[in-house]
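The structure appears right after this line, and notes come after that.
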Amino acid sequence: MKKTILAAAAAVVAATLALSGCAGENATPAPDGDADTGWSTSTLNIDFATYNPLSLIIKDQGWLESTLDGVTVNWTQSLGSNKANEGLRAGALDVGSTAGSAALLARANGSPIRTIDIYTQPEWSALATLPGSGISSVADLTGKTVAVTVGTDPYFFLLQALDEAGVDVKDVNIQNLQHADGGTALVNGSVDAWSGLDPMMAAHEINDGIELFYRNVDFNTYGFLNATEDFVTNHADVAQVVVDAYEKARAWALENPDETAALLAEAAGIDQAVADKVLLERTTIDLDPVPGDAQLKVLKVVAPIQVANGDIPSQDAADQALDSLFYPDFAKKADASKVS
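Mapping of the sequence shown onto mature numbering (1 follows the signal peptide of the UniProt record, and there is no 0): residues -23 to -1, 1 to 317, in sequence order.
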């Protein structure tokens, strides 16, 4: 069984002692790099997100800025997988954080993205309601209104849960609201249930007393770090530094769980108790970062549901996306010691 962030801390202390190398000495920019920076690009557009704790560490520590000397690093907050996908598709982001299901959806619908790293395996989605709502099972959602952000992991969590319970999605009134708005709608009684996302979900649990009436970690897809094909192909030197930084952040998070939770609390504007619940109870960070069989297994379950629901145009499109989504090369070569 994978270790939680707290349980794994001791195991990585020795490994992190080797992470003090300076990338300015070790990094090797592409030979056709920018004349001024030595890198293949003068700009890196990358996201951070409260659902991606490693991104918060990298941004806070300034590792990309210090390693990519001369490269302007532009950070943009993604409020959900759908927003990250929008940024990647529009070219506003070179690298963006999504759930695995959302990455598959984007690729199958023509977005030129590749998954270059796996940042976490979170139990970040569940179905929630208010006490006294009369909803205690997925079957009780028939005829009810459910808030969810379409195109994100909570959306596909909901679809899988409905499918498992034998409830036709047409018999549920789905309200497409951004994650934070969905939680607010549940609390104020505008909807009957919410397919939620941490850390907002944990905050509403602690502060507003919402109840998680259906949980299933197997229905949560992994955290995927994605890059545009142009970035992967033409700026591989910088892409490698990004993935190297993610591995340094992984080790740092495991060694410093309290500090990582504090960063999440600050970035998300949530209480420390909420951040602790998200990171210490529901997030696995100590995992293999290379996109591969474990993630493919999960996506092969999600894909037919996406097709049946009309989110992916055909099974052929889903299969092509499954065959082409992963780009594991950077993660296989990840070296945290090359990040300053």
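All C-beta atoms in this analysis are idealised placements derived from N, C-alpha and C, irrespective of residue type, glycine included.
Quick caveat, the model's predicted, so the values are computed rather than measured.
Closest Cα partner of residue i within the set the options
| i | options | result |
| --- | --- | --- |
| V72 | F25, R84, P281, D130 | F25 |
| A250 | A238, Q283, T260 | A238 |
| I282 | A124, S88, Q54, D145 | D145 |
| G15 | P234, D235, V215, A298 | V215 |
| D37 | G128, L264, D185, E243 | E243 |
| L45 | S110, H212, L299 | H212 |
| V278 | D148, F134, A179 | F134 |
| G269 | E236, A280, K254, K309 | K309 |
| residue 321 | S19, A226, Q98 | Because the chain here runs from -23 to 317, residue 321 falls outside it and cannot be looked at. |
| D195 | D130, K315, A230 | D130 |
| N22 | V50, N193, I35, I34 | V50 |
| I35 | L136, D185, Y223 | Y223 |
| D300 | A280, K315, S317, F307 | A280 |
| T27 | L81, E236, S113, A252 | A252 |
| T53 | L70, L41, E42 | L70 |
| Q217 | K121, G111, V267, S110 | V267 |
| I112 | I262, G246, L189, P89 | L189 |
| I262 | K121, A226, S17 | A226 |
| D207 | E42, G47, S43, P89 | P89 |
| S17 | A311, E42, G47 | G47 |
| D185 | T161, N193, L41 | T161 |
| A245 | H156, D306, F201 | H156 |
| R192 | L41, Y199, S114, N150 | S114 |
Collapsed DSSP secondary structure at residue i in the structure displayed
| i | result |
| --- | --- |
| G73 | strand |
| Q155 | coil |
| D300 | helix |
| N183 | Rather than Asn, the amino acid found at residue 183 in this sequence is Ile. In this structure, I183 counts as helix in the three-state DSSP scheme. |
| G64 | helix |
| W171 | strand |
| L107 | coil |
| P99 | strand |
| W229 | helix |
| A245 | helix |
| A138 | helix |
| N59 | helix |
| V255 | helix |
| A213 | helix |
| A250 | helix |
| W52 | strand |
| R192 | coil |
| A311 | coil |
| L45 | coil |
| D9 | Since pLDDT at D9 reaches only 49, below the 50 mark, its modelled position is unreliable, and no value is offered. |
| T18 | coil |
| L264 | coil |
| D221 | helix |
| V127 | coil |
| I90 | strand |
With 16 other Cβ atoms within 10 Å as the buried cut-off, status of residue i
| i | result |
| --- | --- |
| G39 | exposed |
| A285 | exposed |
| P234 | buried |
| G173 | buried |
| S291 | exposed |
| D265 | exposed |
| D288 | buried |
| Q297 | exposed |
| residue 324 | Outside the modelled stretch of the chain, which goes from -23 to 317, sits residue 324, for which no answer is possible. |
| K60 | buried |
| A228 | buried |
| D175 | buried |
| E232 | buried |
| P30 | buried |
| S317 | buried |
| K315 | buried |
| T119 | exposed |
| A138 | buried |
| A271 | exposed |
| G109 | exposed |
Beta carbon of residue i nearer than 8 Å to that of residue j
| i | j | result |
| --- | --- | --- |
| A85 | A313 | no |
| N203 | R91 | yes |
| I183 | D248 | yes |
| N197 | S74 | no |
| G128 | S55 | no |
| V168 | Q152 | yes |
| D178 | A79 | It is Met, not Asp, that sits at residue 178 in the sequence shown. In this structure, A79 does not lie closer than 8 Å to M178 by Cβ. |
| V220 | D140 | no |
| E63 | R259 | no |
| V209 | Y304 | yes |
| L33 | L273 | no |
| G87 | T205 | no |
| L154 | A124 | yes |
Integer Cβ distance of residue i from residue j, believed to fall under 8 Å
| i | j | result |
| --- | --- | --- |
| A116 | A142 | 5 Å |
| G77 | L257 | Actually they are not in contact, since the Cβ atoms of G77 and L257 sit about 22 Å apart, beyond 8 Å. |
| G159 | T126 | 7 Å |
Proximity test, Cβ basis, 8 Å: residue i and chain D
| i | result |
| --- | --- |
| A83 | Protein chain content of the structure displayed is limited to a single chain, and chain D is not contained in it. |
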